[in-house]
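Residue numbers (my numbering), protein chains in the order written: chain A, 51 to 346; chain B, 51 to 346. Glycine included, every Cβ here is placed at the ideal spot set by N, Cα and C. Heads up, the thing below is written out as structure tokens.
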């Protein structure tokens with residue numbers, strides 16, 4: 051994929067220092083994209099493990115590695131907490147008294163309700179928290195596998211609260227646009243309901259189909275066509291990561307699962323009754339929805 | 051994809067005339083592959099609609115188009131009934147008295163229990179029925195979209211009954227190998243149980259996820275990442291075709307669905323209890339199974 055080296059848009063508030071804490075695949079990609087697209091004059095990074103800090107120090111997309119999270123954020127205009135979803139708030143609290151007045155802090159966690167509320171509470175009114183969630187990823191993990199093109203044309207949710215500072219919100223949305231993402235601004239609760247349906251539920255279906263097939267004759271797998279492979283690709287994702295995401299979004303995920311089970315029940319019931327008209331209608335409704343997904 | 055133009059293997063019983071009845075994507079691909087790989091000296095085709103017969107008459111992979119199914123099979127060594135799964139047996143019965151003594155008839159239907167039994171009953175002992183089911187396809191349908199490479203390295207099930215003629219079985223398995231497929235010889239009942247799990251269940255999950263999402267805010271779809279797209283790709287398949295497949299395999303599909311629902315229930319229950327250890331174990335079990343699928 052080609053990366054555009056577009057300069058920062060004229061109407062975008064300039065970011066002098068961007069700090070990325072605890073970079074993995076997403077954080078490593080953000081640093082590369084920010085460098086390639088001139089999103090910040092200076093990029094400072096902190097990672098928990100000293101060997102990671104040493105490796106990152108030599109990268110062209112890193113101007114300085116700090117020894118502590120506090121030191122990394124002290125002169126930052128924008129701080130990205132790129133840690134896993136359950137580690138975001140502890141890190142925000144850790145840096146709360148170290149950030150400069152008016153600094154903006156964001157994250158990249160997959161669940162936003164608790165993070166948006168607690169991030170705001172930890173920083174306000176001296177600094178600002180604006181949650182974000184880029185819908186981009188890979189089966190590969192780790193900052194080494196990052197790519198400057200990861201966010202190109204991908205949705206990035208930005209999830210302000212009603213009391214979120216408007217200037218801070220503009221800085222975060224502008225930053226993601228420079229990185230190539232299509233920004234969707236939605237309330238944290240709405241975000242969590244959306245991803246429960248379009249991301250967490252598909253993950254649980256793919257995983258449960260595979261763990262179900264794990265109990266069958268292993269020889270069956272070698273007969274599988276492309277259909278099963280596509281349907282289950284995301285079941286190859288990291289179980290520890292998904293455990294945490296589902297934990298953080300359990301309320302919305304339970305509702306989505308319960309309602310989905312009713313839909314699957316309608317299929318089962320049509321098959322049990324031998325009502326093939328009803329089954330075809332259900333499958334057609336699904337095909338039409340899939341068609342709309344293809345067009346987008 | 052490159053097509054190997056391999057001559058027929060030495061130990062393979064020679065096919066003088068191959069007849070394909072009612073070709074769609076699969077039948078059209080078989081004719082192309084048979085020509086490219088010299089699987090038969092002569093290829094005769096019959097299609098129900100006269101305009102299709104006229105179009106096919108000009109194709110390089112067709113030596114003769116017959117006006118009736120009976121005329122098409124009269125001097126054939128191997129007849130492939132490439133009709134949809136619910137039209138196979140009516141066509142086999144229609145040609146039963148027209149085929150020559152010792153002729154072999156096969157099909158390409160996705161469900162095999164009833165077809166294997168009724169196909170045998172319709173032809174035996176004068177001629178032989180050996181069911182087959184290539185695990186190959188495309189979202190595109192129709193003979194025009196066929197490809198000589200469609201079966202390369204794909205599984206093709208061949209499903210003899212205990213009383214199936216061994217020479218007829220060898221002819222059919224040899225034919226599929228010449229077309230590039232990896233042949234899996236299994237009993238019809240076993241075939242139907244396997245495909246209920248690795249093909250029909252994934253189809254119903256993809257379709258039901260999409261018909262479920264069809265009832266949600268249409269704007270949500272535009273936020274979807276690659277995960278949802280892959281997981282639901284097969285939901286774009288033909289509803290009328292799937293209605294018939296599920297109808298024909300309803301016994302095995304109902305068992306697979308019921309047991310899968312218990313697996314999904316284990317996920318729901320772990321989430322409801324907040325038992326994240328249990329959830330991670332389930333997801334890990336799925337990931338390991340997906341890993342084995344990738345290696346195959």
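Practice item. Check whether the Cβ of residue 238 of chain B lies closer than 8 Å to any Cβ atom in chain A. Key: no
Check your understanding: Is residue 180 of chain A helix, strand or coil when you go by DSSP?
Key -> coil
Review point. Are the beta-carbon atoms belonging to residue 310 of chain B and residue 251 of chain B less than 8 Å from one another?
Key: yes
**Study point:** Proximity below 8 Å, CB of residue 339 of chain A to CB of residue 255 of chain B
**Key:** no
Check your understanding: How close, in whole Å, do the beta carbons of residue 231 of chain B and residue 209 of chain B come, if the pair is a contact with beta carbons under 8 Å?
Key -> About 14 Å; that fails the 8 Å criterion.
Check your understanding: What span of residues does the alpha helix (DSSP H) with residue 344 of chain A cover, start to end?
Key -> 326–345
Exercise for review: Determine the DSSP secondary structure at residue 67 of chain A, reduced to helix, strand or coil.
Suggested key: strand
Review point. Across which residues does DSSP place residue 207 of chain B in a beta bridge pair?
Key: B/183, B/234
Review point. Any residues in the region 74–93 of chain A with a beta carbon nearer than 7 Å to a beta carbon of chain B? Which ones, in chain order?
Key: none
Point to revise | Euclidean distance between Cα positions of residue 332 of chain B and residue 260 of chain A | key: 9 Å
Point to revise | Secondary structure of residue 100 of chain B, DSSP reduced to three states | key: helix
Practice item. Return the first residue and the last residue of the beta strand (DSSP E) that residue 156 of chain A is part of. Key: 154–157
Review point. What residues in its chain sit with their C-beta under 6 Å from that of residue 344 of chain B, if we drop five residues either side in the sequence?
Key: none
Review point. At what residues does the beta strand (DSSP E) containing residue 128 of chain A begin and finish?
Key: 128–131
**Study point:** Strand pairing of residue 114 of chain B, partner residues [DSSP]
**Key:** B/94
**Study point:** Neighbour flag for residue 297 of chain B against chain A, beta carbons, 8 Å
**Key:** yes
Check your understanding: Between residue 288 of chain B and residue 109 of chain B, what straight-line distance do the alpha-carbon atoms span, to the nearest angstrom?
Key -> 26 Å
Exercise for review: Give the straight-line distance between the Cα atoms of residue 253 of chain B and residue 93 of chain A, rounded to the nearest whole angstrom.
Suggested key: 47 Å
Practice item. Using the Cα positions of residue 223 of chain B and residue 190 of chain B, report the straight-line distance between them to the nearest angstrom. Key: 26 Å
Check your understanding: Do you know offhand how far residue 234 of chain B's Cα is from residue 247 of chain A's?
Key -> 38 Å
Point to revise | Interface residues of chain B facing residue 313 of chain A [CB-CB closer than 7 Å] | key: 258, 261, 262
Review point. Between the region 292–305 of chain A and the region 320–336 of chain B, are three or more C-beta pairs nearer than 8 Å?
Key: yes
Check your understanding: So is residue 238 of chain A buried or exposed if we call it buried at 16+ other beta carbons inside 10 Å?
Key -> buried
Review point. Looking at C-alpha atoms only, which residue of A/188, A/228, A/225, A/280 is the closest neighbour of residue 75 of chain A?
Key: A/188
Review point. When DSSP labels each residue in this structure, what does residue 125 of chain B get in the three-state scheme?
Key: coil
Exercise for review: Please list, in chain order, all residues of the same chain as residue 168 of chain A whose beta carbon is under 6 Å from its beta carbon, the five residues on each side excluded.
Suggested key: 139
**Study point:** DSSP-derived helix/strand/coil call for residue 217 of chain B
**Key:** helix
Practice item. Let me know if residue 241 of chain A comes out buried or exposed under the rule of 16 or more other beta-carbons within 10 Å of its beta-carbon. Key: buried
Review point. By Cβ distance, which residues of its chain are closer than 7 Å to residue 336 of chain B, with the 5 residues on each side in sequence left out?
Key: none
Exercise for review: Select from B/116, B/147, B/155, B/121 the residue whose C-alpha is nearest the C-alpha of residue 132 of chain B.
Suggested key: B/155
**Study point:** Alpha-carbon to alpha-carbon, residue 315 of chain A and residue 330 of chain A
**Key:** 15 Å
Exercise for review: Could you check what DSSP says for residue 267 of chain B in three-state terms: helix, strand or coil?
Suggested key: coil
Check your understanding: Roughly how many angstroms separate the alpha carbons of residue 273 of chain B and residue 78 of chain B, rounded to a whole number?
Key -> 38 Å
Check your understanding: Which term fits residue 217 of chain B, buried or exposed, when burial requires 16 or more other beta carbons within 10 angstroms of its beta carbon?
Key -> exposed
Review point. So residue 207 of chain A and residue 128 of chain A are in contact, right, with Cβ under 8 Å, and what is the actual spacing, rounded?
Key: No, residue 207 of chain A and residue 128 of chain A are not in contact; Cβ-Cβ is about 17 Å, not under 8 Å.
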